[in-house]
Amino acid sequence: MEKEALDYHAKGRPGKIEVNPTKETDTQKDLALAYSPGVAAPCLAIEADPSKVYDYTTKGNLVAVISNGTAVLGLGDIGPLASKPVMEGKAVLFKIFADIDVFDLELDTKDVEEFIKTVKILSPTFGGINLEDISAPNCFEIEERLKAELNIPIMHDDQHGTAIVSAAALLNALELVGKKIENIKVVINGAGASATSCASIYLALGVQCENLFMFDSKGLIHEDRDNLDGRKKLFTNQHYAVDASLEEVLVDADMFLGLSKADILNEKMLLSMAKNCIVFALANPNPEISYDIAMQTRPDIIFATGRSDYPNQVNNVLGFPYIFRGALDVRATKINEAMKLAAVHALADLTKLPVPQEVVDIYGGAPIEFGPTYILPKPFDNRLLKAVSTAVSKAAIASGVAQLTEIPS
2 MEKEALDYHA
12 KGRPGKIEVN
22 PTKETDTQKD
32 LALAYSPGVA
42 APCLAIEADP
52 SKVYDYTTKG
62 NLVAVISNGT
72 AVLGLGDIGP
82 LASKPVMEGK
92 AVLFKIFADI
102 DVFDLELDTK
112 DVEEFIKTVK
122 ILSPTFGGIN
132 LEDISAPNCF
142 EIEERLKAEL
152 NIPIMHDDQH
162 GTAIVSAAAL
172 LNALELVGKK
182 IENIKVVING
192 AGASATSCAS
202 IYLALGVQCE
212 NLFMFDSKGL
222 IHEDRDNLDG
232 RKKLFTNQHY
242 AVDASLEEVL
252 VDADMFLGLS
262 KADILNEKML
272 LSMAKNCIVF
282 ALANPNPEIS
292 YDIAMQTRPD
302 IIFATGRSDY
312 PNQVNNVLGF
322 PYIFRGALDV
332 RATKINEAMK
342 LAAVHALADL
352 TKLPVPQEVV
362 DIYGGAPIEF
372 GPTYILPKPF
382 DNRLLKAVST
392 AVSKAAIASG
402 VAQLTEIPS
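This note's numbering applies: residue 2 is where the sequence shown begins, and numbers increase by one.
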């Protein structure tokens, strides 16, 4: 697999993306219109009315994927240069799923102020900014500051993408097991950017604060601890003692979310959970408990991972292309909570509709129906583009952050 991947990235023109002209360039007149002297006309039009930049340039369909390489996939802090293949990969996903063009930008800095300043300086180029693979807690400040100081949609996908997709999966899983979100006990192992964002959106959907328990590498997030950084203080819970173990807190839990490391759950812990429990074991490449062990231990479980070779993959590609598509289509000035929740409900609702035969064929031909092994749409379901992006656009308009009030057809 390693050699195959290296050959894939090296063959032909190295890398995975290129820039192509969108207008005819066959004659001298074409070139005169594309550059000098014709280019002066759109320049002057934009100078007179800055909103015309969306009419005469790529800005309205151009997203920057920006990283400093400090938290890359499961690879950690590998630096900006080594992160470039991942950022190019993200660009490919934006293009093939939502027809959004991307420039990937790898910034050689770990300084928050320098990072923010650089992005702000570059921001006139782009219609939106996807922050990627930036370590916590810096990612929180970077995103919050840029959202406050710029007027284009910005999202750190590592935080919000997983949260949005897993929240849709949770809503559908709860419907299948007949539980109400306000009554469930949720245990989260992991307290980084993705985990805290998941916790926030679960609370917004109805999970009660007193029923949510989060663990980091040092134990339960508890107010008696003096080593809580980032957003962890928002999720303290005093129901158990500060030294309570994950095994202890998991008893009678309805839902477990893992964004941590492989094999931290065992059969005994799984058996202690409530009837018809929901487990999202999202550590990659190896989940917190293996699929086979989980299914053999708890036939009543609804189980999801981050892997494509098991049912119920929680995959960010179900979210970010369409969220940005919806934001760009109405020239939203930000991606707000209403837009994220709209994406959650759009994903959940789409899962319950009959799956087109062409999608079934892509995934092997076996029937695909809403149920314990199908709680999220498949990534190659082309209905995602309209369903999610339209919901996001409508939420942007309704919440007052859209500059256009009609959604393009």
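We put the beta carbon where it would ideally sit given N, CA and C, even for glycine. None of these values were measured; they are calculated from a predicted model.
Proximity of residue i and residue j at Cβ, strictly below 8 angstroms
i      : j      : result
ASP244 : ALA275 : no
ILE185 : PHE216 : no
LEU272 : ARG308 : no
VAL1   : ILE130 : Because the chain is modelled from 2 through 410, residue 1 falls outside the range shown and cannot be assessed.
ILE324 : VAL389 : yes
PRO378 : LEU319 : yes
GLU249 : GLN239 : no
LYS387 : PHE371 : no
ILE143 : ILE135 : yes
ILE303 : VAL178 : yes
LYS429 : LYS148 : The chain is shown only over 2 to 410; residue 429 falls outside these bounds and no answer can be derived.
ALA295 : ASN173 : no
LEU221 : TYR241 : yes
GLY75  : ASN285 : yes
ASP227 : PRO138 : no
PRO288 : GLY327 : no
GLU133 : VAL66  : yes
ALA339 : SER400 : yes
ALA403 : ALA333 : yes
ARG232 : PHE98  : no
LEU351 : LEU385 : yes
Beta-ladder partner(s) of residue i, from DSSP
i      : result
ASP105 : VAL66
ILE130 : ALA65, ILE155
LEU221 : PHE216
ASN489 : Residue numbering for the chain in the displayed model covers 2 to 410; residue 489 lies beyond these limits and cannot be assessed.
VAL73  : GLY77
GLN314 : THR306
Cβ distance (whole Å) where residue i is taken to contact residue j below 8 angstroms
i      : j      : result
VAL331 : ILE398 : 6 angstroms
PHE281 : ALA305 : 5 angstroms
LEU82  : LYS121 : Actually they do not touch by this definition, with Cβ atoms about 23 angstroms apart.
SER198 : GLN160 : 4 angstroms
SER261 : GLY191 : 4 angstroms
SER167 : GLU107 : Between GLU107 and SER167 the Cβ distance is about 28 angstroms, and since that is not below 8 angstroms, they are no contact.
ASN62  : LEU329 : 6 angstroms
GLY111 : VAL103 : Gly is not the amino acid found at residue 111; the sequence shown has Lys there. Contact flag wrong, Cβ pair sits at about 23 angstroms.
ALA200 : PHE236 : 5 angstroms
ALA194 : HIS157 : 7 angstroms
TYR364 : PRO312 : That pair is no contact at about 11 angstroms.
Same chain, Cβ closer than 8 angstroms to residue i, neighbours up to 5 away in sequence not counted
i      : result
LYS17  : HIS10, PRO86, GLU89, GLY90, ALA92, VAL93
LYS180 : ASP255, ASN277
PRO22  : ALA35
VAL315 : THR163, VAL166, SER167, ALA170, PHE281, LEU283, ALA305, THR306, GLY307, LEU377
GLU211 : ASN238, HIS240
CYS44  : none
ASP310 : none
THR126 : LYS60, LEU63, ALA65, PHE104
ALA33  : GLY39
Cut-off 6 angstroms between Cβ atoms - residues of its own chain near residue i, not counting five sequence neighbours on either side
i      : result
ALA343 : ALA392, VAL393, ALA396
LYS60  : VAL54, GLY128
SER124 : LEU151
PHE214 : VAL188, ASN238, VAL250
GLU359 : none
ILE279 : ALA174, MET256, ILE303
LEU266 : GLU289, ILE290
ILE155 : ILE130, LEU147, LYS148
ASP382 : VAL360
Same chain, Cβ closer than 7 angstroms to residue i, five either side skipped, listed in chain order
i      : result
GLY207 : ILE182, GLU183
ILE79  : GLY70, VAL73
ALA46  : LYS53, TYR57
GLU268 : ILE294, THR298
GLY373 : Sequence inspection shows Pro at residue 373; the Gly mentioned does not correspond to that position. Same-chain partners within the cutoff: LEU177, ILE303.
ASN337 : SER400, VAL402
### Query
Whole beta strand (DSSP E) runs in the stretch 147-172 with 3 or more residues, listed along the chain?
155-157
### Query
Taking only runs of the alpha helix (DSSP H) that begin and end inside the stretch 5-65, which ones reach a length of at least 4 residues, in chain order?
29-35, 41-49, 54-57
### Task
Note down, one range per segment and in chain order, each alpha helix (DSSP H) of at least 4 residues found wholly within the stretch 280-312.
292-298
### Task
Mind listing, in chain order, the continuous alpha helix (DSSP H) runs of no fewer than 4 residues lying wholly within the stretch 365-409?
384-399
### Task
Scan the stretch 243-278 and note each continuous alpha helix (DSSP H) run of 4 residues or more that stays entirely inside, going in chain order.
247-250, 268-272
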